[in-house]
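First comes the structure, then the notes that go with it.
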Amino acid sequence: MIKRQQSDNIPIIKEEALSKIRIAHSTVELEEIYSFYLGRKGILRNFLITIGQFPAAKRPDYARNIHEAIKAIDMAARDKRGQLLLVEIKNKRSSFDITMPGIAVKRGHLHPLTLVERKIEHIFNSMGFGIIEGPEIEDAWHNFDALNIPPDHPARELWDTFWIKSKISGRAGKAPKSKLLLRTHTSPMQIRYMETHQPPFKIIVPGKAYRFEATDASHEFQFNQIEGLMVGEDVSVANFKFVVQAFFEHFFGKEINIRLRASYFPFTEPSFEVDIRCLFCSGRGCSICARSGWLEMGGAGMVHREVFKAVKYDVSRVQGFAFGFGLERLAMMKYKIPDVRLFNSGDIQLSQQF
Amino acid sequence: MKYSYSWLKEFIPAIQAPKKLADLLTLHAWEVESVENFGDDFILDIAILPNRLSDASGHIGVAREIYSILKIAYPKKTTRFSLPRLNIKERTAQKIKSVISVSIAGKDLCPRYAARAIFGIKVGPSPKWLIKRLNAVGVQSINNIVDITNYVMLETGQPLHAFDYDKLAKNKFGVAEIFVRRAVDKEEIITLDGQERNLSAEDLLIADSVGPLAIAGIKGGMRACISGDTKNIVIEGANFDRRSVYKTAKRLGIDSDAARRFGAGLPASQIPWAVDRVASLITQIAGGYAVGGMVDEGNFRNIPVKVVLFFAKVNSLLGLDLTMKEVIYILKTIGCEISILKNKTLKVVLPVNRLDLTNQEDLIEEIGRLLGYGKIMAQAPKTLSSPAAINDAWFIRNKAKDVLMRSGFTELRAYSFMGDVIASAFGFGAHDLIEIYNPIADDKRYLRPSISPRLVISAVENLKYSDHIGVFEIGNVFEWKKARAAEKEHLSAVRIVKNESNPVDNFRIMKGLINDLLLSLGISDCSWRPIANVFKDRYLFWGHNSSAILEIDGKPIGAVGVLESDISSSFGWPENIVVAEIDFSILREEVSEEHEYRLPSKYPEAVRDIAVLVDISVLVDEVGQEIARIGKNLVRDIELFDYYEGENLPEGKKSLAFHIIYQSDKKTLSGQEIDKLHKKIIKVLTARGWEVR
């Protein structure tokens, strides 16, 4: 505690105050010093009151000395307050180490295919496409015949099929294959939808499909497709280009170069492959695009007249496009997932990254 | 298929350089999978599309295609396409009819059969240029005669066959009689590869009076094959029904060059030139002479197909702005003949070799691809359609996934298949399972009737990363329902805690999760019943004393419970596995979007506790429901805060303790009112034989 000192020697008081301020350790201590000298009952305030009692000749000097001392102490206290506050704030802040790792709030994760599917659905939905779903067990008529893929035709070999064993056993006691199969593509939903709806319409059909084929890093016997179908009076290849371009640009979030290449599918005429300029090398050629500069994204075309006939549409009055993209391929491109087999691996570490 | 660059160049001398040519073909016709050096030649591996095997399975067909592409891409350049000149040494004095006769039984299966006879040849090695050509496209040289038939097939796409004339049976006039007929059931033939083949009445044969000579369009037989001392031969060029060849080849498991071509369908119009080409090369290379003329049997008539093309449709379908002149130019380059009818309609006579062209859209495709789809500019669709319908199933599924994810569960996806081991371990009878006719592996023999088994396995495998795992999947499951293959959507969630053997908390967390899911989907009318009371022969993988059936509106739609300990112990899994599986197809029918805000009561609540000693078989729900029944709308909530069984309790008893929360939404309840109601509850519970303590 500061002891009261009775002295009328102003310069000494001033020096004493300044030195105390200099060595003050905290703002609390500083405020005590301040009020001792300059507070309402402080020493120097008292001196101010007594100016009138001073001999008139010495009065101006005396008054000036007091004011100068007050000013100096006030300034010093203000500076010191600033310094002390800075130190105190700094001390408060570093009371724990903010570089310690954060503690995760435990939540679950969605599968990357779900995320990609949602993104695709959102984009098409925003362009007015309805989202339709259909059965994974199909009959041969919807999967093949109605799509203009005749029996005993080499074209059918493009779709290696898982057949369902008949419930009724055959002659040798073994159940023969039935007319039921696991759909080899989502295209049978074109038929199912058109059987019950009239154009104009635009839909997408996301879903699982199955093919009896060997697996490797880029092939799976069970996979997902996004089928698209838009039918009206005057829907054209140019319209398809617009829709598919808009889709890829929204999906990948950048400008995309599209190329349509001649192809063949029994249920479209004309038919084409949809390529996009390689995202990884911008078309210069890299290992991902097999040095071609282009990435194959899926098949498409204008709906074949035999398909329209199968659903009893008037072929002279409707036209439209259809397409089918692989969901896994889009996810692999988007997230740089190297092996298609990871999606069905059941390894939680895949989903947990998303 | 492999094509030699120098061979193609024979037909189009002004052809592009190999790489450039490959790019053009890829864009306009077929993908060129590789271009490789072969000596001073290049080999293009071209993926001919299935509809074009009929005209492009030979070099001439591909050259024709290249010609069209070049004519359209570079209309100002002079590009010429020409076939090699034929030069047959023929002795017209001897007539073919005096040497061979062909009779076709079943002309629907063989629309055309042509043959020439060449006498006095010398079988020997082929000249070097011929061997090189064959080797370039991966064909081995055998002898000059067989090589030439192969060469002409690779050139024209038309399979050809040579018989040793002297080994054919002759009739009394010395004429070799060839029959095209169906096989007799169980008739046998030894094919060129030395294998004995068993035929059926569906198969088409080439035969003489002794027996089969060849399986039509598929493979030749041993009996009349060309050998080192063959002197006189018959060259066959024929056309067979596509489906018949395809089916026979499939059944016999023969995948020959000929069968692949005939199976795709070939134009019968190309036969005479191909047979003459063989005769020309043989008489030049192997000597001998051709007997005068050609046998040409069958009901094939060379009538070109006509298609009417509405000019406006071209631009409408493609989204282009072509003139009629441009359209006509393009169609002419592929060999169409065109006449303009009134009303901007074209009559198009199709080229006889292009079996793939049958209608207007086929022609529009030719225009689009030969011109290049790059010429088509993107254009926003004009067609308006009604706003996209909301797909409830999709919406609800996404919501459910979000709820599960927020609760700490991670989504997995799995194969839709299941094998015998898992099926029987989890108690699925083979009777209801849908079996795959051609399974890809033993553990994928059936379609899954439930998601849980595979999900449990995945969850267990993931224990290597963490001591407790929560995973879920929503997907389709499959089962025979009588004779119908039923497909439904299920939701399954699995939660495993590794180092805690008591599953009660785990069970309650899962039950809480499902409750929360139902609430967020707007389903409130649900109840839980012990599994043992509901299912006798189904859901066998849930422990009967530790599982519950979820009912909505009185209908069971799923179950939550501990995995049967027999199953977990037999696989060496932890005991504490809780599984929930719900029929999502039914659940989503119950979803209600309606949600009404209820004002919280303005009046104070009062809490009174109650502890009850009951038989172990009495359920918490039963006691709770009884309290609620008496309390009516004055009991806002009942919370179980203690559950105890064990020491210090009489044998076979358990103790339950509840907070009863009294509250009215109309007034402040007085202490007296609450006491009165509470006493009434105690009285009723006591009357049920439950001891209130």
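As given, the protein sequences belong to chains A and B, one line each in that order. With my numbering applied, the first sequence corresponds to residues -13 to 340, in that order. With my numbering applied, the second sequence corresponds to residues -5 to 687, in that order. We put the CB at the ideal spot given by N, CA and C, even for glycine.
Looking only at its own chain, which residues have a Cβ that is under 6 Å from the Cβ of residue i, when we skip the five neighbours before and after it?
i      : result
N137/B : V117
A408/B : R448
L316/A : V102
Taking 7 Å as the threshold (C-beta atoms), are residue j and residue i in contact?
i      : j       : result
V692/B : L650/B  : Any answer about residue 692/B is impossible in this case: the structure gives chain B only from -5 up to 687.
I117/A : E103/A  : no
A224/A : G100/B  : no
I190/A : F234/A  : no
Q354/B : L303/B  : yes
G306/A : V289/A  : yes
R439/B : G402/B  : no
S310/B : D220/A  : yes
T86/B  : V272/B  : no
F294/B : P105/B  : yes
D39/B  : K(-4)/B : yes
A296/A : A141/A  : no
Taking just the CA atoms, how far does residue j sit from residue i?
i       : j      : result
S302/A  : S222/A : 14 Å
I56/A   : K76/A  : 30 Å
R391/B  : L511/B : 11 Å
S12/A   : V73/A  : 9 Å
Y367/B  : L316/B : 13 Å
A232/B  : N347/B : 15 Å
G215/B  : P121/B : 26 Å
K0/A    : T36/A  : 17 Å
L207/B  : L162/B : 9 Å
A156/B  : R217/B : 12 Å
S562/B  : E569/B : 6 Å
T680/B  : K673/B : 10 Å
D689/B  : I89/A  : No statement about residue 689/B is possible, as the shown extent of chain B runs from -5 to 687 and does not include it.
I332/B  : T73/B  : 21 Å
Q(-8)/A : T85/A  : For Q(-8)/A, the predicted model reports a pLDDT of 39, less than 50, meaning its position is unreliable; a value from the coordinates is still stated below. The alpha-carbon atoms of Q(-8)/A and T85/A are separated by roughly 54 Å.
Comparing C-alpha positions only, which one of the options sits nearest to residue i?
i      : options                        : result
S263/B : G368/B, R245/B, Y591/B, P298/B : P298/B
D125/A : M86/A, P192/A, I177/A, P87/A   : I177/A
V301/B : R110/B, V556/B, L357/B, R478/B : L357/B
E27/B  : H53/B, L19/B, G33/B            : L19/B
D17/B  : G279/A, E219/A, F294/A         : G279/A
P185/A : D202/A, L215/A, A200/A         : L215/A
A268/B : P550/B, V488/B, G52/B, I361/B  : G52/B
K393/B : L581/B, I624/B, K213/B, D547/B : L581/B
A600/B : F578/B, G257/B, E667/B         : E667/B
N165/B : A108/B, I212/B, R175/B, I94/B  : I94/B
L507/B : L128/B, V573/B, D560/B, I624/B : V573/B
S135/B : V146/B, L148/B, T150/B, P119/B : P119/B
Once the 5 residues before and after residue i are set aside, which same chain residues still bring their CB inside 8 Å of it?
i      : result
I150/A : I123, K163, S164, L166, L167, L168
P345/B : P298, I328, G329, C330, L351
Tell me which same chain residues have a C-beta within less than 7 Å of the C-beta of residue i, skipping the five on either side of it?
i        : result
F340/A   : H95, L96, P98, L101
K105/A   : F237
F258/A   : L246, R247, A248, S249, A286, G287
Q208/A   : K194, Y196, N330
M(-13)/A : At M(-13)/A the pLDDT is 33, less than 50, meaning the model places this residue with poor confidence; the figure from the coordinates comes in the next sentence. Hits under 7 Å: none found.
H22/B    : I63, R363, L364, G366
A41/B    : W24, E25, E27
Say the cut is 6 Å; is the CB of residue i nearer than that to a heavy atom of the ligand GTP?
i      : result
E633/B : With respect to the ligand GTP, the structure shown offers nothing to examine, as it has no ligands at all.
How would you list, in chain order, the residues of chain E whose beta-carbon sits under 7 Å from the beta-carbon of residue i?
i      : result
W474/B : Given the protein chain composition of this structure (A and B), no chain E is represented.
**Interface positions of the region 416 to 442 of chain B facing chain A (Cβ-Cβ less than 9 Å), listed along the chain** = I428, E429, I430, Y431, N432, P433, I434, K438, L441
**Request:** Select from the region 225 to 250 of chain A all residues with a C-beta closer than 9 Å to any C-beta belonging to chain B, and list them in chain order.
**Result:** N225, F226, K227, F228, V229, V230, Q231, A232, I244, R245, L246, R247, A248, S249, Y250
**Message:** Using a Cβ-Cβ cutoff of 7 Å, what residues of the region 91 to 103 of chain A are near chain B? List them in chain order.
**Reply:** K92, R93, G94, H95, L96, H97, L99, T100
**Request:** Give, in chain order, every residue of the region 9 to 37 of chain B whose Cβ lies closer than 7 Å to some Cβ of chain A.
**Result:** T20, L21, H22, A23
**Asked** Listed from N- to C-terminal order along the chain, which residues in the region 357 to 376 of chain B have their beta-carbon within a distance smaller than 8 Å of any beta-carbon of chain A?
**Response** I358, E359, G362, R363, Y367, G368, I370, M371, A372, Q373, A374, P375, K376
**Prompt:** Taking Cβ-Cβ distances below 8 Å as the criterion, which residues of the region 292 to 322 of chain A are in contact with chain B?
**Reply:** Q305
**Asked** Taking Cβ-Cβ distances below 7 Å as the criterion, which residues of the region 221 to 242 of chain B are in contact with chain A?
**Response** R237, Y240, K241
**Item:** Near-chain B residues of the region 111 to 139 of chain A - C-beta to any C-beta below 8 Å
**Value:** N111, G114, F115, G116, I117, I118, E119, P121, E122, I123, D138, H139
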